[in-house]
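Worksheet for the structure shown next.
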Amino acid sequence: MLSVRQLSVLFLIIYGVIAAMTAHLVWRYSYQSLLIEQQSELERFSSHISAKLDKYAHIPRLLSKDKELVDALSHPENSAQIDLTNRYLEQVNEVIQAADTYLLDGIGNTIASSNWNLDRSFIGRNFAWRPYFYDAISGQKSQYFALGSTSGQRGYYYAYPVIYAAEVIGVVVVKMDLSSIEDNWQSKNSYFVATDDNNIVFMSSRPDWLFHSVSELSEESRQKIQETRQYLDSAIPSLGFYGDVNLAETEWIKPKQGWIKDDYIVSTNKLDNLALNIHVLSPKVNVFWDTFGFLIILTMIFAIIYLAFLLLHHRQVRQRQIERLQAEAKQKLEFLVMERTSKLHVEIDERIRAEQALRQTQEELIQAAKLAVLGQMSASISHELNNPLAAIRSFADNGRRFLANGKPERTDENLERISALTVRMAKISEQLKSFARKTDTGDQVEAQLLPLIINAKELMQPQFKSHYVEFDIHAPESPIRCSINPIQLEQVIINLLTNAMQAVDEQEIKKVVLTLEEHQNSVCIHVDDSGTGLHLNQMKNLFEPFFTTKKNGLGLGLSISQQIMHGMGGDLTAHSSPLGGARFTITLNKPQQSSEQ
1 MLSVRQLSVL FLIIYGVIAA MTAHLVWRYS YQSLLIEQQS ELERFSSHIS AKLDKYAHIP
61 RLLSKDKELV DALSHPENSA QIDLTNRYLE QVNEVIQAAD TYLLDGIGNT IASSNWNLDR
121 SFIGRNFAWR PYFYDAISGQ KSQYFALGST SGQRGYYYAY PVIYAAEVIG VVVVKMDLSS
181 IEDNWQSKNS YFVATDDNNI VFMSSRPDWL FHSVSELSEE SRQKIQETRQ YLDSAIPSLG
241 FYGDVNLAET EWIKPKQGWI KDDYIVSTNK LDNLALNIHV LSPKVNVFWD TFGFLIILTM
301 IFAIIYLAFL LLHHRQVRQR QIERLQAEAK QKLEFLVMER TSKLHVEIDE RIRAEQALRQ
361 TQEELIQAAK LAVLGQMSAS ISHELNNPLA AIRSFADNGR RFLANGKPER TDENLERISA
421 LTVRMAKISE QLKSFARKTD TGDQVEAQLL PLIINAKELM QPQFKSHYVE FDIHAPESPI
481 RCSINPIQLE QVIINLLTNA MQAVDEQEIK KVVLTLEEHQ NSVCIHVDDS GTGLHLNQMK
541 NLFEPFFTTK KNGLGLGLSI SQQIMHGMGG DLTAHSSPLG GARFTITLNK PQQSSEQ
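This is the structure we're talking about:
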């Protein structure tokens with residue numbers, strides 16, 4: 001086994017190898033992340049500059065076709081025409097929000113300008129020395145960046161020839177102020193620089209870099225700039241960077257500094273159509289600090305691990321004792337768990353048996369409630385069956401007499417009536433058999449509600465008729481579907497209708513109304529009666545088992561009905577009815593429609 005000293009040396013070697021590898025990986029990751037971030041910002045600002053400058057690119061061409069400008073160039077001696085053109089250019093300049101808009105004649109003299117009424121007016125000034133003039137006067141579209149010779153402000157110039165009778169008679173120029181573009185160049189970790197083809201900075205988030213060259217200018221470039229007076233009399237000092245500034249991804253380095261604090265990681269986008277180079281610069285020292293910060297965290301982690309290792313080494317004996325105690329405690333715990341698990345199994349088995357007994361009892365209560373309702377309906381149903389039987393006997397006797405008298409056609413009519421009456425009796429029998437059938441509480445299907453309600457009405461119709469109760473159904477024309485147990489829901493509805501019929505039995509106005517309402521996520525079935533209604537203390541205990549308001553009632557009907565509705569995911573509640581009596585409301589959840597529907 002290695003000693004503490006040997007393990008410490010090994011630990012330091014491992015730390016050195018891991019630190020060197022991870023420092024290299026973190027440096028590369030931070031560097032690449034910085035380039036990705038720069039590319040995103042570069043695209044954003046390139047798009048912003050292009051959109052800002054391109055907005056003015058087509059305006060000089062449109063103005064060159066304007067009759068006012070052609071007339072002014074054709075008759076420069078006409079002061080009225082010149083005044084009209086000045087005011088026209090002033091209005092145009094205000095609408096397009098440019099810095100200046102002006103008109104030059106064939107030799108570069110300004111004959112009309114949007115700033116005609118200002119102290120810095122261009123009227124009478126000659127701009128033939130500007131490159132944008134001699135490009136445009138030769139019949140070409142021109143765009144150019146320079147310092148204004150009158151205002152001294154930076155501007156981007158768009159120039160276009162004014163052609164009349166197939167000859168260039170002048171040039172129209174639109175100047176854009178670049179200060180509004182720089183207002184959007186704000187970033188915590190990066191600088192933004194726009195340079196021309198000579199790599200001279202004319203837009204930057206660092207104002208101290210303006211009108212500086214990125215690197216040393218050649219004598220040829222410096223002489224050309226002085227001849228065109230693009231930057232007037234500015235000396236154009238150098239920022240002193242080295243590196244290939246024309247690459248899309250590069251570094252600008254100041255080797256004289258001796259450290260990386262003034263070195264930058266640079267991403268560049270060339271806007272050839274605007275003769276601009278957009279650069280995003282991030283200090284290289286940011287990558288260094290990211291790597292250094294990670295190494296500090298790594299060192300702290302290794303130091304904590306090393307201290308933990310020493311602590312662990314000095315406590316080995318005690319740890320063995322703790323492990324032995326833990327093993328004993330674990331054994332005791334396992335024994336307790338096994339004992340408790342055995343008791344839990346017994347409790348679970350007892351609960352399962354109790355739930356099964358409860359479910360069986362509930363099903364028997366439901367079936368008993370059905371049979372009780374059938375018993376209450378038996379007298380009315382007997383009456384409904386006796387009437388067709390008496391009619392069948394009458395039609396049969398009449399048929400025999402018709403046959404005896406030689407009238408077979410009349411006999412056939414009586415047979416058709418007998419057939420219709422037997423169909424009616426079969427339907428009543430089928431409804432009673434369906435209602436009395438036992439069903440599983442979980443047997444739910446998606447079905448329409450209105451046919452089920454109609455079936456319940458037909459079952460109850462003999463009792464309503466015998467008790468002289470007026471019964472109405474209010475339902476929408478469109479079909480409504482829900483996930484239900486049809487037989488159990490029909491039992492609940494019949495139970496509520498039976499209760500409503502009994503509630504109005506001693507009233508002067510005997511009226512029961514069933515209303516079907518569809519809402520956004522639910523469906524409600526209201527059963528209203530014109531009885532005496534329910535008191536507040538009755539509503540609190542209405543759905544409790546064995547609570548009843550009837551003299552001979554058991555108090556199980558509403559309790560079972562509510563349990564049935566809960567089993568279907570719905571509810572059964574009681575309120576006051578607009579008819580003056582009680583209202584019982586069945587609430588069902590509408591089936592969720594699939595996304596394809």
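Read in the numbering used here, the sequence shown has 402 at position 402, and its numbers run on one by one without any break.
For each residue, glycine too, the CB sits at the ideal point set by N, CA and C.
- Per DSSP, the continuous beta strand (DSSP E) segment holding P161 begins and ends at R154 to Y164.
- Within the region 473-532, the complete beta strand (DSSP E) segments at least 3 residues long are 481-484, 511-518 and 522-529, listed from N- to C-terminus.
- When beta bridges are read from the DSSP output, Q143 appears opposite Y158.
- The residue among S114, V95 and L104 with its C-alpha nearest the C-alpha of L84 is S114.
- In the DSSP assignment, L63 falls within the unbroken alpha helix (DSSP H) covering I59 to S64.
- Assigned with DSSP and collapsed to three states, T422 falls in helix.
- For M300, the enclosing alpha helix (DSSP H) starts and ends at V285 to H314.
- The beta-bridge partner set that DSSP reports for I13 is empty.
- In the same chain as P76, and ignoring 5 residues on each side of it, the C-beta atoms closer than 6 Å to its own belong to I111, in chain order.
- For R583, the enclosing beta strand (DSSP E) covers residues A582 to N589.
- In this structure, the beta-carbon distance from E220 to S238 does not fall below 7 Å.
- Taking a C-beta distance under 7 Å as the contact criterion, S282 and S190 qualify as a contact pair.
- Counted as a single uninterrupted DSSP element, the stretch harbouring V469 is not any beta strand (DSSP E), since DSSP gives it neither H nor E.
- Counting along the chain, G170 sits inside the beta strand (DSSP E) bounded by residues E167 to D177.
- Short of 6 Å from the beta carbon of L276, and not among the five residues preceding or following it, lie these beta carbons of its own chain, in chain order: A194.
- In this structure, the CA atom of A159 is about 37 Å from the CA atom of L35.
- A distance below 7 Å between beta-carbons, with the five flanking residues on each side excluded, links L310 to no residue of its chain.
- Scanning Q153, H314, E41 and D263 for the CA closest to the CA of K175 turns up Q153.
- In this structure, Y157 sits near Y132, with a CB-CB distance shorter than 7 Å.
- Comparing C-alpha distances from P451 to each of E470, P476 and H467 shows the shortest one belongs to P476.
- Around V527, the same chain offers L496, A500, L514 and F584 as residues with beta carbons nearer than 6 Å, after the five sequence neighbours per side are excluded.
- Non-local beta-carbon contacts of G531 in its own chain, meaning distances under 8 Å to residues more than five positions away in sequence, involve A500, A503, V504, Q507, G580, G581 and A582 in chain order.
- In this structure the region 485-495 touches the region 561-573; the number of beta carbon pairs closer than 8 Å is three or more.
- Straight-line measurement puts the Cα of D100 at about 22 Å from the Cα of N273.
- Per DSSP, reduced to three states, the secondary structure at S576 is strand.
- The beta carbon of L558 sits closer than 7 Å to those of L542 and F543, all from its chain and outside the five residues before and after it, given in chain order.
- Counting the other CB atoms within 10 Å of its CB gives I278 a total of 16 or more, which places it among the buried residues.
- DSSP places H279 within a strand segment (E or B) once states are collapsed to three.
- Here DSSP, grouped into helix, strand and coil, assigns M203 to strand.
- Rounded to whole angstroms, S33 and P207 show a C-alpha spacing of 27 Å.
- If you check the CB distance, L449 and I418 do not come in under 7 Å.
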